[in-house]
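Enquirer:
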Amino acid sequence: MPLIHLENLSRRYVMGAEVIHALRSVSLSIEKGEYVAIMGASGSGKSTLMNLIGCLDTPTEGRYQLNGHEVSSLDDDQLAEIRSREIGFVFQTFNLLPRSTALQNVELPLVYAGVSRSDRQARAIEALTHVGLLDRMRHKPNELSGGQRQRVAIARALVARPSIILADEPTGSLDSTTGAEIMSLFGELSDKGNTVILITHEESIALRARRIVRLRDGNIFADKPVLEASLPETEGEAPPGPPSPPARAGE
Ligand SMILES: Nc1ncnc2c1ncn2[C@@H]1O[C@H](COP(=O)(O)OP(=O)(O)OP(=O)(O)O)[C@@H](O)[C@H]1O
Ligand SMILES: [Mg+2]
Numbered sequence: 005m006p007l008i009h010l011e012n013l014s015r016r017y018v019m020g021a022e023v024i025h026a027l028r029s030v031s032l033s034i035e036k037g038e039y040v041a042i043m044g045a046s047g048s049g050k051s052t053l054m055n056l057i058g059c060l061d062t063p064t065e066g067r068y069q070l071n072g073h074e075v076s077s078l079d080d081d082q083l084a085e086i087r088s089r090e091i092g093f094v095f096q097t098f099n100l101l102p103r104s105t106a107l108q109n110v111e112l113p114l115v116y117a118g119v120s121r122s123d124r125q126a127r128a129i130e131a132l133t134h135v136g137l138l139d140r141m142r143h144k145p146n147e148l149s150g151g152q153r154q155r156v157a158i159a160r161a162l163v164a165r166p167s168i169i170l171a172d173e174p175t176g177s178l179d180s181t182t183g184a185e186i187m188s189l190f191g192e193l194s195d196k197g198n199t200v201i202l203i204t205h206e207e208s209i210a211l212r213a214r215r216i217v218r219l220r221d222g223n224i225f226a227d228k229p230v231l232e233a234s235l236p237e238t239e240g241e242a243p244p245g246p247p248s249p250p251a252r253a254g255e
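According to this note's numbering, the sequence shown holds residues 5 to 255 in order.
1. When the Cα atoms are used, what is the spatial distance from I57 to R121?
2. Given a threshold of 16 other Cβ atoms within 10 Å of its Cβ, counted over all protein chains shown, does A171 qualify as buried or as exposed?
3. Just how far apart, CA to CA, sit N12 and R103?
4. Where in the segment 111-178 do unbroken runs of the alpha helix (DSSP H), each at least 4 residues long, occur, reported from the N-terminal end onward?
5. Can you give the Cα-Cα distance for S180 and V217, rounded to whole angstroms?
6. Name the DSSP beta bridge partners of L70, please?
7. In angstroms with no decimal places, state the Cα-to-Cα distance between I34 and V119.
8. How many angstroms separate the CA atom of R124 from the CA atom of D221?
9. Could you check what DSSP says for A213 in three-state terms: helix, strand or coil?
10. Quick one, what's near ligand 2 if you take every residue whose CB is closer than 7 Å to any heavy atom, in chain order?
11. For the alpha helix (DSSP H) holding K50, just list the boundary residues, first then last.
12. Along the chain, where does the alpha helix (DSSP H) that runs through S180 open and close?
13. Mark L10 as exposed unless 16 or more other C-beta atoms lie within 10 angstroms of its C-beta, in which case mark it buried.
14. Does the separation of the CB atoms of L114 and V163 fall below 8 Å?
15. Ligand 1 and M43: does any heavy atom of the ligand fall closer than 7 Å to the residue's C-beta?
16. Where does the unbroken beta strand (DSSP E) through R28 begin, and where does it stop?
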């Protein structure tokens, strides 16, 4: 059973007399351990999809099973409970508490999860070590660089050991070098078996994932593994690919 299973999921927003179809009957399955980039033009529905996958919002229609549980009809408290257990969020603008230290920011999800103070600290220190920021744990966000802030946010996303890491334009506020460092970190998380879903509108970022889902006007119009997706779409000769595998003997 896939970790994430969306079936004919729709999200409409009603704005006075206008109805906005932000997502139109989207179906999508993501297995545990996958590394998926979600791409699409501004307004194509990426954040709407992420909010639904992240249980920040509920669909107008359709089904969403997370870890085998139907979540599309849960109430706000139940969704909050699922979020704190299953989902680690990373946002473009980091969303750190400005007056709290890196350590306190990373501890926060564990406060909500009811973890004891000493365990909280130990686990937050472990997560900060993981992102290479142990020596900055007493710093507040304004005493950190942009890349360091995003690493704190990633440590915060990881600390409760969620089953999914959801990142909405995590490199959008960073210069390209710092962005590349953050992308290496996501690559490592994926290599360690985490499920990573990342929204981006940069092709070069998306190519670091292993699968690219493309949205247009609230629909998925392409969903391909990265090797295939990175090839030219149409026309011309087939690009030189790897040689075909040798015929297997004895089958
Ligand atoms: N809360 C809301 N109320 C009304 N309409 C909304 C709301 N949120 C999003 N929309 C509309 O739904 C559509 C999809 O928005 P969404 O935020 O998912 O786009 P996006 O792909 O994330 O774009 P961007 O790349 O600019 O972040 C847009 O047309 C947007 O205007
Ligand atoms: Mg968005």
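We put the beta carbon where it would ideally sit given N, CA and C, even for glycine.
Predicted model, so just to flag it, every value in this text is computed and none were measured.
Expert: Reading it off the structure:
1. 30 Å
2. Under this definition A171 is a buried residue.
3. 42 Å
4. 121-134, 150-162
5. 23 Å
6. I8, H73
7. 29 Å
8. 42 Å
9. coil
10. K50, S51, D172, E173, I203
11. For K50, the enclosing alpha helix (DSSP H) starts and ends at 50-57.
12. Residues 180-195.
13. buried
14. yes
15. no
16. 22-34
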